[in-house]
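In this note's numbering, the protein residues as written are 1 to 233.
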């Protein structure tokens, strides 16, 4: 026999019905996550009349309306905003596309240690071809968040001490000098001295190196993140 499932907060169903109907007009019920999303070519508009295309793909109860986009002379962003091709000097990595203020569209798209580059993608029949920003790492980057760990080792220093109660404390200092401290209640006494560690590589199974284990490993030992004052408390 068929199994009944809740419709979710954005849809309703009659007592004798085997399907769910979205509360919002021109929304489609998606059974896999019980969400009501706007039909293709429809979206939600803000109080100022601006199309909110990202919200069209989210669960909701507001009525959806047909997408009406400004006619662009060149390209548009994924959200429908018009863009224009600009000089190669306007961005770090051409081709460059600028917004209505003449600024690089991808200027704030990536973390500081990555480089942004505009690329064209096919969104749907309504948006058509749009510009999106791809983030890539410079080939010679040595930033720990970006560098290839197999070619750029990430050094960390490990040292042990004790707090005022005699509980061992592990201090891990990365290459940028940022230190993290952890209490180790499961260790009876703290080892003496410091040890250098080199990051070797990583895979879907975790990290490879000397002492450079994932935080979950230290948590499994009973480590608790902490700070210490001048009195060792």
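Here a beta-carbon is modelled for each residue, glycine too, at the ideal position from N, C-alpha and C.
Run of the beta strand (DSSP E) containing residue i, from where it starts to where it stops
{"i": "residue 183", "result": "179 to 183"}
{"i": "residue 35", "result": "35 to 38"}
{"i": "residue 120", "result": "115 to 122"}
{"i": "residue 29", "result": "27 to 30"}
{"i": "residue 168", "result": "168 to 173"}
{"i": "residue 135", "result": "129 to 136"}
Nearest neighbour of residue i, chosen from the options [CA to CA]
{"i": "residue 98", "options": "89, 111, 109, 83", "result": "83"}
{"i": "residue 229", "options": "163, 182, 102", "result": "163"}
{"i": "residue 10", "options": "17, 184, 27", "result": "27"}
{"i": "residue 94", "options": "118, 108, 110, 80", "result": "118"}
{"i": "residue 107", "options": "135, 128, 123", "result": "135"}
Segment limits, alpha helix (DSSP H) that includes residue i
{"i": "residue 56", "result": "53 to 56"}
Residue i to residue j span [Cα, whole Å]
{"i": "residue 43", "j": "residue 145", "result": "37 Å"}
{"i": "residue 104", "j": "residue 53", "result": "21 Å"}
{"i": "residue 114", "j": "residue 140", "result": "11 Å"}
{"i": "residue 179", "j": "residue 173", "result": "4 Å"}
{"i": "residue 63", "j": "residue 56", "result": "10 Å"}
{"i": "residue 35", "j": "residue 90", "result": "41 Å"}
{"i": "residue 235", "j": "residue 5", "result": "One cannot answer for residue 235 here, as it falls past the ends of the chain, which runs 1 to 233."}
{"i": "residue 120", "j": "residue 132", "result": "6 Å"}
{"i": "residue 29", "j": "residue 18", "result": "13 Å"}
{"i": "residue 102", "j": "residue 86", "result": "8 Å"}
{"i": "residue 47", "j": "residue 61", "result": "16 Å"}
Residue environment, residue i, which counts as buried when at least 16 other CB atoms sit within 10 Å
{"i": "residue 71", "result": "exposed"}
{"i": "residue 193", "result": "Here residue 193 scores only 45 on pLDDT, less than 50, and its place in the model is too uncertain to base an answer on."}
{"i": "residue 49", "result": "exposed"}
{"i": "residue 170", "result": "buried"}
{"i": "residue 15", "result": "exposed"}
{"i": "residue 59", "result": "buried"}
{"i": "residue 81", "result": "buried"}
{"i": "residue 25", "result": "exposed"}
{"i": "residue 168", "result": "buried"}
{"i": "residue 51", "result": "buried"}
{"i": "residue 165", "result": "exposed"}
{"i": "residue 176", "result": "exposed"}
Closer than 8 Å to chain D by CB, residue i
{"i": "residue 138", "result": "In the structure shown, chain D cannot be found, because there is only a single protein chain."}
Which ranges does the alpha helix (DSSP H) cover as unbroken runs of at least 4 residues, wholly within the stretch 40 to 102, from first to last along the chain? Counting whole runs of 4 or more residues, the stretch 40 to 102 contains the alpha helix (DSSP H) stretches 53 to 56.
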